[in-house]
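Yeah, the sequence shown ends on 1057 if you go by this note's numbering, and it's all consecutive.
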Amino acid sequence: MKERHYLTPLFEPRSVGIIGASEREGSIGAVLVRNMLDAGFKGRLFAINPKRETVFDVPCFRSVEDIPQRLDLAVIATPASTVPAIVDACGHAGTKAIVILSAGFSEAGPRGAALERAVLETARRHRIRILGPNCLGIIRPDLGLNASFAQGHAHKGSIALVSQSGALCTAILDWAKPNNVGFSNVISLGASSDIDFGEVVEYLMSDPRTESIFLYVEGVRDARRFMSALRG
826 MKERHYLTPL FEPRSVGIIG ASEREGSIGA VLVRNMLDAG FKGRLFAINP
876 KRETVFDVPC FRSVEDIPQR LDLAVIATPA STVPAIVDAC GHAGTKAIVI
926 LSAGFSEAGP RGAALERAVL ETARRHRIRI LGPNCLGIIR PDLGLNASFA
976 QGHAHKGSIA LVSQSGALCT AILDWAKPNN VGFSNVISLG ASSDIDFGEV
1026 VEYLMSDPRT ESIFLYVEGV RDARRFMSAL RG
């Protein structure tokens, strides 16, 4: 039996929680839930918002700790100031992978950088892996997974798109749809405070759905690991 990759909960989740889920028109929380529903996610989907019981008919809970099963993946779309406590709650609930879409971290100055450090310290204490912050999210068309705030869907294919720039991901997706270009994965790294290019490339090299990898790189934290991954 093939060994389960340690990033499988992130890239192949069987249960996903949207933290900051909403029905408010135009909000990231609403776009996220709609994208997951429209993509036809094959696993269990939960919404987390203390003010609601359902979001677009998806069961909604006050906290990730109230969900009756452990989440593989939590997607956070709440203000940066709330994220450290949410990551801690995810850790207590047994979640092992988190995508942070929220902005307002190191790119926002010293206060944001302190928040980012708090998020990473909390995540490491609970052995949680973080994608982001300030990223577009993840799309896995074969799994019906669109944990992103991109507009619309992506076609299935064999190309993996990995980018630090969410705007570039959006532009490529907009071009790809009418040209019938499909993807195995669309992965937006954002600030790459935890998971970086090297680990993502290592995962994709083991992914049978991926035949080619398109990278848009602005900077790499662990150059040695990145080059090792490229050599395969």
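Note that beta-carbon positions come from the ideal geometry of N, C-alpha and C, so glycine has one too.
These numbers come from a predicted model, not from an experiment.
If you draw a straight line from the alpha carbon of N971 to that of G977, how long is it in whole angstroms?
-> Roughly 9 Å between the two C-alpha positions.
Backbone secondary structure at A1048 - three-state DSSP = Looking at A1048 - three-state DSSP - the assignment turns out to be helix.
F1051 versus V1026: straight-line alpha-carbon distance, rounded | A direct Cα-Cα distance of roughly 8 Å separates F1051 from V1026.
Considering only residues of the stretch 826-885, which uninterrupted beta strand (DSSP E) runs meet the minimum length of 3 residues and lie entirely inside it, listed in chain order?
-> Along the stretch 826-885, the beta strand (DSSP E) occurs as fully enclosed runs of 3 or more residues at 840-844, 869-873, listed in sequence order.
Mark G1015 as exposed unless 16 or more other C-beta atoms lie within 10 angstroms of its C-beta, in which case mark it buried.
-> So G1015 ends up on the buried side.
Comparing the CB of H830 with every heavy atom of the ligand MG, is any distance shorter than 7 Å?
-> This structure simply doesn't include the ligand MG, nor any ligand for that matter.
Check the C-beta distance from L896 over to V841 and give it rounded, since I have them as a contact under 8 Å.
-> Separation of the CB atoms of L896 and V841 is rounded to 7 Å, and the pair is thereby assigned contact status at 8 Å.
Proximity below 8 Å, CB of A899 to CB of T920 = Yes; because the gap between Cβ atoms is below 8 Å, this pair is in contact.
Taking I955 as the reference, which of I964, S1053, I963, L945 has the closest Cα?
-> Comparing Cα positions, the closest option is L945.
Any contact of the stretch 876-885 with the stretch 841-851, i.e. 3+ C-beta pairs under 8 Å?
-> The stretch 876-885, when compared against the stretch 841-851, does touch it at the 8 Å Cβ threshold.
Which partner residues of N971 appear in the DSSP bridge assignment?
-> I964.
How long is the line joining the alpha carbons of P904 and L940, rounded to whole angstroms?
-> Taking the straight line from one Cα to the other gives about 11 Å.
Measure the CB-CB distance between A922 and I892 and report whether it falls below 8 Å.
-> 8 Å or more divides the Cβ of A922 from the Cβ of I892.
Secondary structure of S906, DSSP reduced to three states = Helix.
Beta-carbon proximity check, L769 vs S973, cutoff 8 Å | Only positions 826 to 1057 of the chain appear in the structure, and residue 769 is not among them; the question remains open.
Of the choices T947, I1012, R829, whose alpha-carbon is the least far from that of Y1041?
-> Here the closest residue by C-alpha is I1012.
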